[in-house]
Structures are given as C-alpha cells and as structure tokens.
DNA sequence: TGTACACCGTACGGTAGCGTACACAAAGGC
DNA sequence: GCCTTTGTGTACGCTACCGTACGGTGTACA
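Protein chains in written order, with my numbering: chain A, 21 to 301; chain B, 21 to 301.
Put into structure tokens, the structure is as follows:
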C-alpha cells in the first residue's frame, strides 16, 4: 500500500518541472528507475526515550505514554517518501523524531506549494485527529530520518478528551493554522528572497543541524517558484556570507544575518509555536 | 472594551492605503470621525430557531442546544466592527447568523491579507476552542448582520469531549485549515482575476444573496493587491456580463461564468467544507 | 577513462502586477 | 445649491518574476 504511494507520488512530484526540463527528470523520478525502491518501515529497536524525542510524545505523563506505547512503531523515512495524498484514506499518523515532513497543496496541473512543515515539535496527520477519513493535502518526507507512527484508528480510539495529548494536539492545530495563515499572506506580500530565507530558517529550526541536503529543484517546488529564481537568491545569500550552498549541501553560516534578510513571518510563526507548545496559552 | 477594538482597528484598517492616498482616508476612518460610533450589542428578542440559523448550532441535539442557549446572546455587527486583534485576549466567540466575518493576517507595516471567511457555516474564535487565550489573527465583520455570541470562558467550560459541538468544531477546524492551505497556494500561483473571482464566489456562498455591498478599496485589502488592480478586473468581469458593479454594490449576474474565470481553488474549498460539515468524513 | 546524469549559474525577452497619480461622477451634509 | 467625501476608471513607467534555454562542473558507474 505504501509502495503505491511512493511510486505514484514520485511521478507526481516530478511531473511539474518549473525549469522546463523535458522528460529527462520524469524518467528519473518515474516508475522506471524507482521500481526497486522499497519503503523502509523498519521496526527499530526503539525505546521510550527515543520515541519521546518527539516533543508531543515527550510531554505526556508517564501513564499516558505507556498507554500509547504499544500502538507506536518506529519507521525510517527517506526523502520524498509520501505519507499522504489527497483523497486517499489515512492509515497512520506520524510523530517525527528526527525527520521533517512537508505538507503541500497541489493544483490540478501538478504545481505544488508547501503549506506546512512538521518536525519533532508536531504530528503529521492532523486530519485524523480532526475527524477526516481521507487526506485533504499531500505530504512527504523532506529531511530523512525516523518517526514514530500510529495507526489512524488507534489515534481515534485511544485518545479522548481530557487526555494530555488531546490538549497538545489542539494547541498544535492552532499553531498549524497560524502557520498556514501567515504563509498565505507571506506568499502574497513578500519577495522570493525573503520567503526563501524564511524557509531555510524554518527548516533549520526543525532539523537541528547547521547543514542539510537540499537541491534547488526541491526548494523551488516548496516555494512555488522557478529553480532559476532559487539559484539567483542562493547566489546572493552565499555572496553575503550567510550560507554556503554547493551541489545540494546547504550550510547555515550566519543565522542572524539570514533572519535580517527574511521577512517578519518567520518570527511570527516561531513565536506562536513557542507560545502554544512550550508553556501556557 | 469592544469600543476600543472598533476605534483602534478602524485606524489600522485605513492606515495602509495601497492606492497611496494621503491622510484623507485616514481621517475618515480614524478616531476623529468615528468618535460617536457605538458598538451595537443588541440583545435582540432571539429565539431558538433564529440562533439555529447558524449551521453549527442548528446541527446540535435538542438537549445540547438547550444547555448552551443560556450562554448565547444575539449581537448585530456592522461592517468593519473588529472581533479580534492579534495578541489581545479573546472574550467571546461568534456564531454568524446572517453576517460574514473575515480573518486577516496582518504585517507590521499594516498591510493585510484575508486568510479566512466565516459565515453561518462556522464559528469565529477557533483559537479559544484550540486552547489559546489571545487572538493570533485579526478578524472583523465583512458583511453586516447578526451573530450569536458566547463568552470564551463558557465555550471552554461548557463544551467537553463527546459533545456534538466538540466534534463539529473539530471538523470546522479541519475545513478552515484546508481553506488556509489552499489560499496560500492560490496566492502564490494564480492571477488577480482568478483570485478576485474566487473571493466573490466564496462570499456569495456565505451571504446567500446575489447582491451585496463591497467597495474596491475593501476588496483590494482582502486580496492584498492595489485598488487599481481590482478596478481593472472588475471592469473586465463586468464587460463579460458576469457581474454588475457600481459604487460598492456588487451583483452576481452569471455565477457559472464566474466559476469558469475563477481558479480551481473555490471548488476545492467548497467540496472540502461540504464533505466535512454536511455528512460523513 | 569515458560518459551519463545530477545539479547549478546565467541569460534574455516577456508580462503581470506594482506604486503613483489624476480626473471625474455620485452621494451626502450644510 | 454648494462643497466635501467616497468610489471609481485609467494611465505610465517600473520591477520582480516568469518561461525557457544552454552550457559548465562535479559525481557515479561501467
């Protein structure tokens, strides 16, 4: 089943080529070259502490976590493994441990724009919590790593009101809403350079490393712009000494410099996440 | 208290003038001319059926509605009455009866973009339900009319898990998320004419009338574009016989024609709302 | 060692939408 | 009936970004 996701979606992801490449990329990403690929649902020798690296799971009272633990399994996600696709029933929810996932709105013509990024601070699969059976949006792995996953039915049946996780997911939902809202306005009002810097900062917060893999092609799809635009912006940022970027390896050199280039949206979103997830209201 | 909202916010709404007008408009919307304005919190002679015009309230089982009814009061909202402002504590939630409210993301420089529209199918004030104390976004009345309102504390204390309203608000939250996500992508990928048509359709769905008041200035702020752009688009739509638009009075003449001009986003959002709020998953 | 291919820098014409400005007609207060 | 305000149409130069294209340089694999 997940196999199907991977194949169909690799095709989708590459079907839209903003740089106007011909079939070359399509073949690469398409079924032909990916036939041997297998979705690695590794049941790692997980332990409680590892699962609790996810901040939602880590914030649970002992007995609540122990109640959920039998329903959790560790899976390893590779870049562009698809978790959800629009109108397809949701089978699992994912609590990222050290991976990062992207939620994408996708148009009929195949063009996509990222509308959410989820790391260890959250859970991918909110629609299950909110009462939907099928996914309204597409989601895939952006930065590889592990996640704790749980069957959608388990989430529905095991989490009730009054549970700590129920409250935490409410707050995470609120933060996600603010993220989407701010992104919407940001897409309307801010330049490619600002949005690109914001995206790098946001991902930097989530991967927890100063260096990660990221091609311009990939980033251009996240931002919904041409790859050439990303190239221009990346050159500028590199010229100012804020990042180093070479063949898909991005390294943040000057984070505060990046923050100065980025729009206010990163700060607004970060503040909102901290406010809702760390402490009180 | 609500008085303060009105005054401060009128100022905010007019502080950004995309058409580059000078202080003229500012004075009009500012404190000077609005001093005599009063927020009409009319306690109408409401009855259950009237309150139940709101689809969320209307979908409740009898006993649940009767349990909530003592906490509900009818208020009349005028255009640009502000319901929420960022970082200000939320005192009430609003169930629109025949008004429509807009949720706006607003930047430091005063520029705004609409990120949500709420009519009788929903509730304004989701952050309360989701555990926030203060508003993360600005919200004001877009189409005047009545709403049932409830103290935020009442919503927090009277609605528990297992209640029908709890489930309905979950689904409404999901629909709102999809709205924000699709809007975000739409803002990135579609033209002003497409987005403008989409906005008109969306509002048409919510007001339930073929004619409503809407200045180009107002619409330009919703869309986050110049008023001049709205003027150009409106002329085009009028030329094609899809709408008539004269001095703030908009009339929809050819709805299916509008749908053809608009992007797919309106259909996607509408489908999602229907799916989540009308029937099953 | 060659040769595919992934990834990137750069260029060039085209255009949607911007900021700004101005004039004009209808609405409304005095 | 005048005068201010509100709402609108239109224009002009400008800029960011688009679609497209092509060549160059590393990396992987035979």
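Every residue, glycine too, gets a C-beta built ideally from N, C-alpha and C.
Note that the structure is a prediction, hence the values are computed from the model and not measured.
Can a CB atom of chain B be found closer than 8 Å to the CB of residue 47 of chain A?
Caution applies to residue 47 of chain A, whose pLDDT of 24 falls short of 50 and renders its modelled position unreliable; the model cannot decide the point.
CB-CB length for residue 200 of chain B against residue 204 of chain A, believed under 8 Å
6 Å
Using a Cβ-Cβ cut-off of less than 7 Å, list which residues of the segment 202-214 of chain B approach chain A; keep chain order.
202, 203, 204, 205, 207, 208, 209
In whole angstroms, give me the CA-to-CA distance for residue 89 of chain B and residue 79 of chain B.
14 Å
Give me, in chain order, the residues of the same chain whose beta-carbon lies closer than 8 Å to that of residue 81 of chain A; leave out the 5 immediate sequence neighbours on both sides.
184
Could you tell me the alpha carbon to alpha carbon distance between residue 197 of chain A and residue 288 of chain A, rounded to whole angstroms?
13 Å
Option in A:250, A:230, A:116 with minimal Cα separation from residue 237 of chain A
A:250
Give me the Cα-Cα distance between residue 282 of chain A and residue 217 of chain A, rounded to the nearest whole angstrom.
5 Å
Which residues, in order along the segment 179-192 of chain B, keep a beta-carbon less than 8 Å from a beta-carbon of chain A?
180, 181, 182, 186, 187, 190, 191
Do residue 230 of chain A and residue 272 of chain A come within 8 Å of each other at the CB atom, strictly closer than that value?
yes
Within 8 Å, strictly: CB atoms of residue 103 of chain B and residue 144 of chain B
yes
To which residues of the same chain is residue 224 of chain A closer than 6 Å at the C-beta, ignoring the five residues directly before and after it?
272
Short Cβ contact (8 Å threshold) for residue 128 of chain A with residue 73 of chain A:
no
Identify whether residue 153 of chain A lies in helix, strand or coil by the three-state DSSP scheme.
coil
Using only the alpha-carbon positions, how far apart do residue 173 of chain A and residue 147 of chain A sit?
12 Å
Just the Cα atoms here: how many angstroms apart are residue 296 of chain B and residue 211 of chain A?
35 Å
Closer than 8 Å to chain B by CB, residue 253 of chain A
no
Indicate whether at least one CB of chain A lies closer than 8 Å to the CB of residue 100 of chain B.
no
From residue 191 of chain B to residue 70 of chain A, what distance separates their C-alpha atoms?
32 Å
Is DSSP giving residue 64 of chain B helix, strand or coil here?
Low local confidence applies: a pLDDT of 42 at residue 64 of chain B is under 50, so the model's placement there is unreliable, with the coordinate-based value given in what follows. In this structure, residue 64 of chain B counts as coil in the three-state DSSP scheme.
What are the residues of the segment 146-167 of chain B that lie near chain A, defined by any Cβ-Cβ distance shorter than 9 Å?
146, 147, 149, 150, 151, 152, 153, 154, 156, 157
With 8 Å set as the bound, which would you pick, yes or no: does the beta-carbon of residue 127 of chain A sit closer than that to a beta-carbon of chain B?
yes
Does the Cβ-Cβ distance between residue 111 of chain B and residue 168 of chain B come in under 8 Å?
no
List the residues of chain A whose Cβ lies closer than 7 Å to the Cβ of residue 131 of chain B, in chain order.
209
CB residue 142 of chain B to CB residue 92 of chain B, shorter than 8 Å?
no
Would you decide whether residue 156 of chain A is buried or exposed? Buried here means 16 or more other CB atoms lie within 10 Å of its CB.
buried
Counted within 10 angstroms of its Cβ, other Cβ atoms place residue 153 of chain B as buried (16 or more) or exposed
exposed
So, under 8 Å CB-CB, residue 163 of chain B and residue 227 of chain B are touching, yes? Tell me the CB distance rounded to an integer number of Å.
5 Å
Any chain B beta carbon closer than 8 Å to residue 197 of chain A
yes
Is residue 190 of chain B near the ligand MG, judged by its Cβ being under 7 Å from some heavy atom?
Absent from the structure shown: the ligand MG. Ligands present: none.
Can you tell me where the alpha helix (DSSP H) with residue 186 of chain A in it begins and where it stops?
184-209
Which term fits residue 328 of chain B, buried or exposed, when burial requires 16 or more other beta carbons within 10 angstroms of its beta carbon?
Because chain B spans 21 through 301 in this model, residue 328 of chain B falls outside it and cannot be assessed.
Using a Cβ-Cβ cut-off of 8 Å, state whether residue 135 of chain A counts as contacting chain B.
yes
Beta-carbon of residue 296 of chain B versus every beta-carbon of chain A: anything under 8 Å?
yes
Can you grab the Cα-Cα spacing for the pair residue 209 of chain A / residue 67 of chain B, in whole Å?
44 Å
Any Cβ of chain A within less than 8 Å of the Cβ of residue 282 of chain B?
no
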